[in-house]
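Q:
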Amino acid sequence: MQQRHISKSLLGVLVVFFLGSCSPFAKLQKSGTDDEKYKAAVQYYKKEDWYHAGLLFEELIPVLKGSTESEMAQFYHSYTQFHQQQYLLSATLFKKFYETFARSEYAQEAMYMYAYSLYKDTPLFNLDQSNTLTATSALQDFINTYPDSKYRDECTKIILELRGKLERKAYEKAKLYYKTSGFNIASYKSSVISINNFQREFPDSEYNEELAFLKVDAEYSLANNSLETKQKERYQEAIGYYQAFIDRYPNSKFVKQAERMFESSQKEIERLEKLEQEREKLKNPNNRPAKVTAANQ
1 MQQRHISKSL LGVLVVFFLG SCSPFAKLQK SGTDDEKYKA AVQYYKKEDW
51 YHAGLLFEEL IPVLKGSTES EMAQFYHSYT QFHQQQYLLS ATLFKKFYET
101 FARSEYAQEA MYMYAYSLYK DTPLFNLDQS NTLTATSALQ DFINTYPDSK
151 YRDECTKIIL ELRGKLERKA YEKAKLYYKT SGFNIASYKS SVISINNFQR
201 EFPDSEYNEE LAFLKVDAEY SLANNSLETK QKERYQEAIG YYQAFIDRYP
251 NSKFVKQAER MFESSQKEIE RLEKLEQERE KLKNPNNRPA KVTAANQ
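Quick look at the structure:
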């Protein structure tokens, strides 16, 4: 029974192979002329049969080099890969096209599609954003090269979208440092540094109000958990962050929490200053009581 089943499966494979080898497309690939293949590739392309068009254009490009059809074959081939969602490959092909055919009427479109293909390959915000940076750079290069292009507005729109993705990634990174900062001093420091970097890179972000408060919280917590010799300076930093926060967001929902940390920081600084003064008195010999001698008795 098992041998019969294997035989039927093998027969089925052979039938499919035989029918495939006898299909018009297979015959064209096997015995068609370059001219016939090119015309068929264009027809497949117009019918949006990207797979078969792509196979034929890929086969033809090496043999069409130097001919009048070479330019369009490469241009169409780039699009066949794009429509099959092979975005990195289409980006490579579009880039090669506009570099090879810099004077072509399609060079501008190819440069745009290079950048657009990179955009289509960008990941979700929570993943590595190297491709997002590359796509953003390519889109900006296109705008700089063709400032009056019909694609300009679309490029600007996409750049804003990608910037939003980078912004969300940076925000989540800063929040992650804050969430894990309770475990060690280094995370408190990293949280503050990360928030500072975010505020410089995204000064108009909607996340800045929350992060400005978290920076106060992180610096205050850092001071609380520091060695006494470093506490005063860090409480002063926390107060500085509080003042910057309250100046910019006086009506924030985080104001009351921030005020508690501000008041606590002030009290801690006063306490530390008193300790410093007491230590100074002990160090200063002029403040010590005079020794009792026999002559004074």
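Numbering (the UniProt record's numbering), first residue to last: 1 to 297. Just so you know, even glycine gets a beta-carbon here, dropped at the ideal spot from N, CA and C.
Would you mind stating whether Glu209 and Ser252 have Cβ atoms separated by less than 9 Å?
A: The answer is yes: Cβ separation under 9 Å.
Q: So, using beta-carbon positions, are Lys95 and Tyr116 closer together than 9 Å?
A: Taking 9 Å as the Cβ cut-off, Lys95 and Tyr116 do not qualify as a contacting pair.
Q: Taking Cβ positions, are Tyr151 and Glu206 nearer each other than 9 Å?
A: For Tyr151 and Glu206, no; Cβs fall outside 9 Å.
Q: For Tyr178, which residues of its own chain have a beta-carbon under 7 Å away from its beta-carbon, when the five flanking residues on both sides are left out?
A: Result list for Tyr178: Ser191, Leu214 and Ala218, in chain order.
Q: Can Tyr45 be considered in contact with the ligand ZN, in the sense that its beta carbon sits closer than 8 Å to one or more heavy atoms?
A: For the ligand ZN, the structure offers nothing, since it holds no ligand at all.
Q: Do Ile159 and Thr145 have their CB atoms nearer than 9 Å?
A: No, the pair does not count as a contact, with Cβ atoms beyond the cut-off.
Q: Alpha carbon to alpha carbon, how far is Asp153 from Arg271?
A: Using only the alpha carbons, I get a separation of about 59 Å.
Q: On a Cα-Cα basis, can you pick out the residue from Ile195, Lys283, Thr229 and Leu56 that is closest to Tyr241?
A: Among Ile195, Lys283, Thr229 and Leu56, the Cα nearest to that of Tyr241 belongs to Ile195.
Q: Can you say whether Ala186 is buried or exposed, counting buried as having 16 or more other CB atoms within 10 angstroms of its CB?
A: Burial call: exposed.
Q: Determine the extent of the alpha helix (DSSP H) in which Phe125 is found, giving its start and end residues.
A: Taken as a continuous stretch (DSSP letters only), Phe125 belongs to no alpha helix (DSSP H), as it is neither H nor E.
Q: Taking just the CA atoms, how far does Lys37 sit from Gly66?
A: Going by the C-alpha atoms only, they are around 17 Å apart.
Q: Are the beta-carbon atoms belonging to Tyr45 and Tyr87 less than 9 Å from one another?
A: Not in contact: Tyr45 and Tyr87 (Cβ atoms no closer than 9 Å).
Q: Taking all protein chains shown into account, decide if Ala258 is buried (16 or more other Cβ within 10 angstroms of its Cβ) or exposed.
A: Buried is the call here.
Q: Could you check whether Thr156 and Ile143 sit closer than 9 Å to each other, using their CB atoms as the reference points?
A: Their beta carbons are under 9 Å apart, which means Ile143 touches Thr156 by this criterion.
Q: If you check the beta carbons only, do Glu161 and Tyr106 fall under 9 Å apart?
A: Cβ distance not < 9 Å, so Glu161 and Tyr106 don't count as in contact.
Q: Name the residue from Tyr171, Thr229, Asn224 and Tyr188 whose alpha carbon lies nearest to the alpha carbon of Asp204.
A: With distances taken between Cα atoms, Asp204 lies closest to Tyr171.
Q: Could you spell out the range, first to last residue, of the alpha helix (DSSP H) harbouring Gln81?
A: That run of the alpha helix (DSSP H) goes Glu69 to His83.
Q: Just mark Leu275 as buried or exposed, buried being the case when its beta carbon has 16 or more other beta carbons within 10 Å.
A: Answer is exposed; the Cβ neighbour count stays below 16.
Q: Keeping to the same chain, check which residues put their C-beta closer than 7 Å to that of Phe245; ignore five residues upstream and five downstream.
A: Closer than 7 Å at the Cβ level, and outside the excluded window around Phe245, lie Ala212, Phe213, Val216 and Ala258.
Q: In terms of alpha-carbon separation, which member of Ala174, Lys230, Tyr98 and Leu139 lies closest to Arg200?
A: The shortest Cα separation from Arg200 among Ala174, Lys230, Tyr98 and Leu139 belongs to Ala174.
Q: How far does the alpha helix (DSSP H) with Phe57 in it extend, from its first residue to its last?
A: Where Phe57 is concerned, the enclosing alpha helix (DSSP H) stretches over Trp50 to Leu64.
Q: My output table needs one value for Thr132: the three-state DSSP class, helix, strand or coil.
A: Here Thr132 sits in helix by DSSP.
Q: Should Ala53 and Ala41 be called a contact, given that it needs their Cβ atoms to be closer than 9 Å?
A: Yes. Within cutoff.
Q: What would DSSP say about Arg103, mapped onto helix, strand or coil?
A: Coil.
Q: Less than 9 Å between the beta carbons of Tyr98 and Thr80, yes or no?
A: Contact: no.
Q: Count the other CB atoms within 10 Å of the CB of Glu280; is the residue buried (16 or more) or exposed (fewer)?
A: Exposed.
Q: Span of the alpha helix (DSSP H) holding Asp148?
A: That residue, Asp148, is in no alpha helix (DSSP H); it is neither H nor E in DSSP.
Q: Below 7 Å CB to CB, which residues in the same chain sit around Tyr235 once its five sequence neighbours on both sides are set aside?
A: Answer for Tyr235: Ala223, Ser265, Glu268 and Ile269, listed in chain order.
Q: If you run the structure through DSSP and keep just helix, strand and coil, what is Glu201?
A: Glu201: helix per DSSP, three-state reduction.
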